[in-house]
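K.L.:
Can you read through this structure? Questions will come right after.
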Amino acid sequence: MRIQLSEHFTYKKLLIFVLPSIVMMVFTSIYSVVDGLFVSNFAGPSAVAAINLIYPLIFVLGAIGFMLGAGGSALVSKTLGEGDKKRANAYFSLLVYVTLGIGIVIAVAGQFVVPPIAKWLGAEGITYDYCVLYGRVLLGAQPFFILQNVFQSFFVTAEKPRLGLIVTGAAGAANIILDAVFVAGLKWGLAGAAAATAASQVIGGVVPIIYFLCRNNSLLRLTKTSFYGKALLKSATNGTSEFLANVSAAVVTMLYNFQIQKLVPGDGGIAAYGTVMYVVMIFFSIFMGYSVGSAPIIAYNFGAQNKSELKNLFKKSLVITAAFGISMTVLSEALAYPFIKIFGYDGELFDMTLRGFRIYAPAFLIAGFSYFGSSMFTALNNGLVSGIISFLRTLVFQVVAVLTVPLVLGLDGVWSATCFAEIASLAITVIFIIAFRKRYGYI
Numbered sequence: 017m018r019i020q021l022s023e024h025f026t027y028k029k030l031l032i033f034v035l036p037s038i039v040m041m042v043f044t045s046i047y048s049v050v051d052g053l054f055v056s057n058f059a060g061p062s063a064v065a066a067i068n069l070i071y072p073l074i075f076v077l078g079a080i081g082f083m084l085g086a087g088g089s090a091l092v093s094k095t096l097g098e099g100d101k102k103r104a105n106a107y108f109s110l111l112v113y114v115t116l117g118i119g120i121v122i123a124v125a126g127q128f129v130v131p132p133i134a135k136w137l138g139a140e141g142i143t144y145d146y147c148v149l150y151g152r153v154l155l156g157a158q159p160f161f162i163l164q165n166v167f168q169s170f171f172v173t174a175e176k177p178r179l180g181l182i183v184t185g186a187a188g189a190a191n192i193i194l195d196a197v198f199v200a201g202l203k204w205g206l207a208g209a210a211a212a213t214a215a216s217q218v219i220g221g222v223v224p225i226i227y228f229l230c231r232n233n234s235l236l237r238l239t240k241t242s243f244y245g246k247a248l249l250k251s252a253t254n255g256t257s258e259f260l261a262n263v264s265a266a267v268v269t270m271l272y273n274f275q276i277q278k279l280v281p282g283d284g285g286i287a288a289y290g291t292v293m294y295v296v297m298i299f300f301s302i303f304m305g306y307s308v309g310s311a312p313i314i315a316y317n318f319g320a321q322n323k324s325e326l327k328n329l330f331k332k333s334l335v336i337t338a339a340f341g342i343s344m345t346v347l348s349e350a351l352a353y354p355f356i357k358i359f360g361y362d363g364e365l366f367d368m369t370l371r372g373f374r375i376y377a378p379a380f381l382i383a384g385f386s387y388f389g390s391s392m393f394t395a396l397n398n399g400l401v402s403g404i405i406s407f408l409r410t411l412v413f414q415v416v417a418v419l420t421v422p423l424v425l426g427l428d429g430v431w432s433a434t435c436f437a438e439i440a441s442l443a444i445t446v447i448f449i450i451a452f453r454k455r456y457g458y459i
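Numbering follows the working numbering, with no gaps: position 248 of the sequence shown is 264.
So, in structure tokens, the structure goes:
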């Protein structure tokens, strides 16, 4: 059953429509978790620490894809809602071509910046070698990683979320299979994990290009285009919140690593934090997936000036977000022990990771509302408000929390800092939602 952006959405229809995007984002997160599992069991804590140290750089550069994907899909969806399909496809094509060009530049430049950045991050000895190796391989695949991030949003705008799920699922399956072959089978260690991830990203980036270049029955197709400077600028500024969210997450991860290094000597603390972040990434990807899946619907109805449907979507989204938050918190507390066990940890490292995860878990209760609030304003083509929420949530509040809370609570303060940051983020999000309710009519 194909659900169109113009339809009225019940809870069932809304969940069916966004489910592929949620699963798609979870699959994307699982790439890193699978790498972590194989690397932890076959290469050791130093390799896990290296991934956690260098991955923020890769994520910062890949954030360009989230920015152009979220901001561009909002603009394209709004244009479709206004009834101009030809211009919508021209915008879509321009954004894909520009993204590919940016990715190629990053892939080349990245080979030179990885070593000095690894040094700056504090990597030494074998951990430094691992950082450079992993970083260079994944940055070489950066064009495909960025395209994959862009297409995650545009598959939904094209009314093909299930196809997006299939592509991402195929890439994820390839990652898992190649990890088993390269890391466990051929004993290539961290190099094998990097190669497996890079190969999966190539699949995730190339297959959508082939699909959208060929004749298809979706709303979008890659065509000849012109340079629409205003549209490109609008997409970039409108997707600022997604860019800031990913860049800030990377910067904050570095700061968390620095704080942990002060409190826990050696690689153990960073390995524990990296393991906690694997689970956090999966759970937060559910909120992100819902935002990606619902944003084109909101943008379409905003373009069509259908305020009754905006109200319907807003109300149902709050209920669904609350249900997700409660479920994640319960699951994270219940599954913390068995999940950490599969990483092969024991003794002090296991106890530290388990305690950190259980202290962190309550953040899931409220984090989804700020995710949705920022995404909703992106969909409403208000990049400024979306960017402010994202900037405060992912950078300002997180930095303040991780610098101050550990002064009182020590290592427990590192694990609980996100909870304090999310409470402040929720308050800001509620203020903006109330302030703009009359302009957009979602309440």
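From the three backbone atoms N, C-alpha and C, an ideal C-beta is built for every residue, glycine too.
Restricting to Cα atoms, I'd like to know which of 273, 253, 437 is closest to residue 393.
P.N.:
Taking the first residue of the sequence shown as position 1, residue 393 is located at position 377. That would be 253, whose Cα lies nearest to the Cα of residue 393.
K.L.:
Need the endpoints of the alpha helix (DSSP H) that residue 127 sits in, please.
P.N.:
One-based indexing of the sequence shown puts residue 127 at position 111. Run containing residue 127: 101-136, per the alpha helix (DSSP H) assignment.
K.L.:
Cβ of residue 170 within 9 Å of Cβ of residue 119?
P.N.:
For this step, residue 170 is matched to residue 154 along the sequence shown. For this step, residue 119 is matched to residue 103 along the sequence shown. No, these two residues do not count as a Cβ contact at 9 Å.
K.L.:
Identify, in the order they occur along the chain, each residue of the same chain with its Cβ nearer than 7 Å to the Cβ of residue 185, setting aside the five sequence neighbours on each side.
P.N.:
In the sequence shown, the residue the question calls residue 185 occupies position 169. Excluding sequence neighbours, residue 185 sits near 43.
K.L.:
Can you find a C-beta in chain B that's less than 9 Å from the C-beta of residue 24?
P.N.:
Among the chains of the structure shown, chain B does not appear; only one protein chain is present.
K.L.:
With a CB to CB cut of under 6 Å and the five nearest residues on each side skipped, what residues in its chain are close to residue 268?
P.N.:
Residue 268 sits at position 252 when you count from the first residue of the sequence shown. Closer than 6 Å at the Cβ level, and outside the excluded window around residue 268, lie 414.
K.L.:
Please report the straight-line C-alpha distance between residue 398 and residue 60, rounded to a whole angstrom.
P.N.:
For the purposes of this step, residue 398 is taken as residue 382 along the sequence shown, with counting starting at 1. For the purposes of this step, residue 60 is taken as residue 44 along the sequence shown, with counting starting at 1. Computed Cα separation, rounded: 45 Å.
K.L.:
What span of residues does the alpha helix (DSSP H) with residue 89 cover, start to end?
P.N.:
Along the sequence shown, read from residue 1 onward, the residue named residue 89 stands at position 73. Residues 61-97.
K.L.:
Would you check if the distance between the CB atom of residue 380 and the CB atom of residue 429 is smaller than 9 Å?
P.N.:
Walking along the sequence shown from the start, residue 380 turns up at place 364. Walking along the sequence shown from the start, residue 429 turns up at place 413. Cβ distance not < 9 Å, so residue 380 and residue 429 don't count as in contact.
K.L.:
I think residue 286 touches residue 105, with their Cβ atoms under 8 Å apart; what is that distance to the nearest whole Å?
P.N.:
For the purposes of this step, residue 286 is taken as residue 270 along the sequence shown, with counting starting at 1. For the purposes of this step, residue 105 is taken as residue 89 along the sequence shown, with counting starting at 1. Wrong, their Cβ atoms sit about 46 Å apart, outside the cutoff.
K.L.:
What's the gap between the Cα of residue 431 and the Cα of residue 277?
P.N.:
Residue numbering aside, residue 431 sits at position 415 when the sequence shown is read from its first letter. Residue numbering aside, residue 277 sits at position 261 when the sequence shown is read from its first letter. When rounded, the distance between both Cα atoms is 14 Å.
K.L.:
According to DSSP, is residue 140 part of a helix, a strand, or is it coil?
P.N.:
Your numbering for residue 140 matches position 124 in the sequence shown. The answer is coil: DSSP assigns residue 140 none of H, G, I, E or B.
K.L.:
In terms of residue numbering, what span does the alpha helix (DSSP H) encompassing residue 347 cover?
P.N.:
Here residue 347 corresponds to residue number 331 of the sequence shown, with the count starting at 1. Residue 347 -> alpha helix (DSSP H) spans 323-357.
K.L.:
DSSP on residue 20, reduced to helix/strand/coil?
P.N.:
Taking the first residue of the sequence shown as position 1, residue 20 is located at position 4. Correct three-state label for residue 20: coil.
K.L.:
Which one of 420, 435, 36 has the shortest CA to CA distance from residue 183?
P.N.:
If you number the sequence shown from 1, residue 183 lands on position 167. Among 420, 435, 36, the Cα nearest to that of residue 183 is on 36.
K.L.:
Report yes or no: do three or more beta-carbon pairs, one from the region 350-370 and one from the region 316-324, lie closer than 8 Å?
P.N.:
Judged by Cβ distances under 8 Å, the region 350-370 makes no contact with the region 316-324, as fewer than three pairs qualify.
K.L.:
Classify residue 230 as helix, strand or coil using the three-state DSSP reduction.
P.N.:
Translated into positions along the sequence shown, residue 230 becomes position 214. Reduced to three states, the DSSP call for residue 230 is coil.
K.L.:
Using 10 angstroms around the beta-carbon of residue 306, count the other beta-carbons present and answer buried if the total reaches 16, otherwise exposed.
P.N.:
Position 290 of the sequence shown, counting from 1, holds the residue named residue 306. Answer is buried; the Cβ neighbour count reaches 16.
K.L.:
What did DSSP end up calling residue 165 once you bin it into helix, strand or coil?
P.N.:
The count along the sequence shown starts at 1 and reaches residue 165 at position 149. Of the three classes helix, strand and coil, the one that applies to residue 165 here is helix, per DSSP.
K.L.:
When burial is assigned at 16 or more other CB atoms within 10 Å of the CB, is residue 246 buried or exposed?
P.N.:
Position 230 of the sequence shown, counted from the start, is the residue given in the question as residue 246. Residue 246 is exposed by the Cβ-count criterion.
K.L.:
State the Cα-Cα distance for the pair residue 239 and residue 180, rounded to the nearest angstrom.
P.N.:
Position 223 of the sequence shown holds residue 239. Position 164 of the sequence shown holds residue 180. Taking the straight line joining both Cα atoms gives about 20 Å.
K.L.:
Pick from 331, 327, 228, 139: whose alpha carbon is nearest that of residue 512?
P.N.:
No answer is possible for residue 512: the residues shown for the chain start at 17 and end at 459.
K.L.:
Would you report the Cα separation of residue 352 and residue 151, rounded to the nearest angstrom?
P.N.:
Position 336 of the sequence shown holds residue 352. Position 135 of the sequence shown holds residue 151. If I take the Cα positions, the gap works out to 29 Å.
K.L.:
Determine the direct distance from the alpha carbon of residue 363 to that of residue 281, and round the result to whole angstroms.
P.N.:
For the purposes of this step, residue 281 is identified with residue 265 of the sequence shown, where counting begins at 1. For the purposes of this step, residue 363 is identified with residue 347 of the sequence shown, where counting begins at 1. Between residue 281 and residue 363, the C-alpha separation is close to 16 Å.
K.L.:
Could you tell me the alpha carbon to alpha carbon distance between residue 227 and residue 114, rounded to whole angstroms?
P.N.:
Position 211 of the sequence shown holds residue 227. Position 98 of the sequence shown holds residue 114. The straight-line gap from Cα to Cα measures roughly 18 Å.
K.L.:
By Cβ distance below 6 Å, which residues in the same chain neighbour residue 178 in space, the five residues on each side in sequence not counted?
P.N.:
Locating residue 178 in the sequence shown gives position 162, where the first residue counts as 1. Result list for residue 178: 36, in chain order.
K.L.:
Can you check which of these residues, 354, 457, 337, 328, is closest to residue 23 by C-alpha distance?
P.N.:
Sequence index remark: in the sequence shown, residue 23 carries index 7 (1-based). Closest option to residue 23, Cα to Cα, is 328.
K.L.:
Using a Cβ-Cβ cutoff of less than 7 Å, which residues in the same chain neighbour residue 176 once the five nearest sequence positions on both sides are dropped?
P.N.:
Sequence index remark: in the sequence shown, residue 176 carries index 160 (1-based). If we look at residue 176 and ignore the five residues flanking it on each side, its Cβ neighbours are 234.
K.L.:
Check whether the Cβ atoms of residue 117 and residue 167 lie closer than 9 Å to each other.
P.N.:
Counted from its first residue, the sequence shown places residue 117 at position 101. Counted from its first residue, the sequence shown places residue 167 at position 151. No. Outside cutoff.
K.L.:
Are the Cβ atoms of residue 385 and residue 199 separated by less than 9 Å?
P.N.:
Residue mapping note: residue 385 aligns to position 369 of the sequence shown, counting from 1. Residue mapping note: residue 199 aligns to position 183 of the sequence shown, counting from 1. No, Cβ-Cβ distance for residue 385 and residue 199 is not below 9 Å.
K.L.:
Would you grab the beta carbon distance between residue 134 and residue 156 for me? Rounded to a whole angstrom, and I think it's under 8 Å.
P.N.:
On the sequence shown, residue 134 is found 118 positions in, with the first residue counted as 1. On the sequence shown, residue 156 is found 140 positions in, with the first residue counted as 1. Not confirmed; about 16 Å, so no contact.
K.L.:
Check whether the Cβ atoms of residue 110 and residue 242 sit closer than 9 Å, and answer yes or no.
P.N.:
Here residue 110 is taken as the residue at index 94 of the sequence shown, counted from 1. Here residue 242 is taken as the residue at index 226 of the sequence shown, counted from 1. In contact: residue 110 and residue 242 (Cβ atoms closer than 9 Å).
K.L.:
Using the rule of at least 16 other Cβ atoms within 10 Å of the residue's Cβ for burial, across every protein chain shown, is residue 460 buried or exposed?
P.N.:
Absent from the structure is residue 460, since the part of the chain shown begins at 17 and ends at 459.
K.L.:
Thinking just about the alpha-carbon of each residue, which of 146, 142, 225 is nearest to the one in residue 164?
P.N.:
Residue mapping note: residue 164 aligns to position 148 of the sequence shown, counting from 1. Among 146, 142, 225, the Cα nearest to that of residue 164 is on 225.
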